[in-house]
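Engineer: Submitted below is the structure of interest, expressed as C-alpha cells.
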Amino acid sequence: ISEKTYVEAGGVVSIEAEHYTDKSEVNGYEWKEEKDFGRSGNTMKAYPETASNAKESDLTNSAAYMEYKVYFTNAGSYTLDVYRMPTLNERGTMRLAVAIDDGTPTVLSGTNKYSGSRSKTDAWSKGVLCNSEKLTTKINVSEAGYHTVRVYNVSTGVVIDKMLLSKNNINSYFGAPESYNTTYNTTKETSTVTEDTEVSGID
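The numbering of the sequence shown is UniProt numbering, which starts it at 1 and goes up by one.
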C-alpha cells in the first residue's frame, strides 16, 4: 500500500484531519495544523482568517484543499461525518466542502446560533459544550481500491478535527479510533484493521 494511505476495514475509515496525504494552497487560502486543539489530537484550520470566503460556485479552482488517500475493500455508499470545532461567537455559519475523487464538492454548513430556530440554537449550544459539531453527508465509492477524499475550505477560519466514513451507522459519541495508516498509524491494536481485513501486496 502506498505511503500516507488509510485502509478501510469492516466498512469503516476513521481519519485524523492532520494526517492528510497531500494539501494545496490556492489563491492565498491554505490549511494549517493547529497543535493540541482538537478532541483527538491536532486539528486543521483554514487560513487566512481575515480573507473573504472562497467562491462556492467554483471551489475546485478557488479553494484550498486537503487530500486523504484511502484503500477501500468494500465499495458502495458511505456516510461521511466531519467533526469540526465550533466557535463561541458564530453569527454567520462556517462552511466547508467534501468530494471523492474528481466528484463535485458537497458544501456542509455548521449550525448558526442566530438562526431564529430553537432547534438549531440548541444544536449550536451542544456543539460548543461538546467542543465538536458533526457535519454529515453521503459519498459513493464506485469500486474497491484506491480513492481520494478531498476537503475544501469555503469559510475562512473553519477548523476540522477528524472524519469518519462508515457503511453502517456507528453508535459512538466521537466515532471510531483512527484507522490503520501506512505512515501515521501503523499500530493495528489501535486501528479498525484486523488480521482478517489487512490488505497486503498492493503497489
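Heads up, the beta-carbon is just placed ideally off N, CA and C, and yes, glycines get one too.
Below 8 Å, how does it come out for the segment 34-42 and the segment 152-171: are there three or more Cβ pairs, yes or no?
Structural biologist: Because the criterion of three Cβ pairs below 8 Å is met, the segment 34-42 and the segment 152-171 touch.
Engineer: Three-state secondary structure (DSSP) at T148?
Structural biologist: Strand at T148.
Engineer: Among residues of its own chain, excluding the 5 on either side of T187, which ones have a beta-carbon nearer than 7 Å to its beta-carbon?
Structural biologist: So no residue of the chain qualifies.
Engineer: Taking 7 Å as the threshold (C-beta atoms), are S14 and E178 in contact?
Structural biologist: Contact flag set, yes.
Engineer: If I measure Cβ to Cβ from M94 and keep anything under 6 Å in the same chain, skipping five residues before and after, which residues do I get?
Structural biologist: The answer, listed in chain order, is G110, S155, V158.
Engineer: Helix, strand or coil: how does DSSP classify Y60 here?
Structural biologist: Residue 60 is actually Thr in this sequence, not Tyr. Residue state, collapsed to three classes: helix.
Engineer: Within the same chain, show all residues whose beta-carbon is closer than 7 Å to that of Y20, passing over the 5 residues directly before and after it, in chain order.
Structural biologist: So the list reads M66, E67, Y68, once near-sequence residues are dropped.
Engineer: How long is the line joining the alpha carbons of A99 and W31, rounded to whole angstroms?
Structural biologist: Cα-Cα distance, rounded: 16 Å.
Engineer: Which whole-angstrom value describes the C-beta separation of A144 and A75, a residue pair presumed to lie in contact below a C-beta threshold of 8 Å?
Structural biologist: With a Cβ gap of about 5 Å, A144 and A75 count as contacting.
Engineer: Should Y78 and L135 be called a contact, given that it needs their Cβ atoms to be closer than 7 Å?
Structural biologist: In this structure, L135 does not lie closer than 7 Å to Y78 by Cβ.
Engineer: Let me know the secondary structure DSSP gives N168 once reduced to three states.
Structural biologist: In this structure, N168 counts as coil in the three-state DSSP scheme.
Engineer: Output the distance between the C-alpha atoms of T104 and N27, rounded to the nearest integer angstrom.
Structural biologist: Cα to Cα, T104 sits roughly 19 Å from N27.
Engineer: Looking only at C-alpha atoms, which of T60, E18, Y6, V149 sits nearest to T43?
Structural biologist: Looking at the Cα atoms, E18 is the closest of the given residues.
Engineer: Quick one: is P86 buried, meaning 16 or more other Cβ sit within 10 Å of its Cβ, or exposed?
Structural biologist: Answer is buried; the Cβ neighbour count reaches 16.
Engineer: Return the chain-ordered ranges of every alpha helix (DSSP H) run that is complete within the segment 30-113 and spans a minimum of 4 residues.
Structural biologist: Here the runs fully enclosed are 59-62.
Engineer: Just curious, the beta strand (DSSP E) that V13 is in, first and last residue?
Structural biologist: Counting along the chain, the beta strand (DSSP E) containing V13 begins and ends at 12-16.
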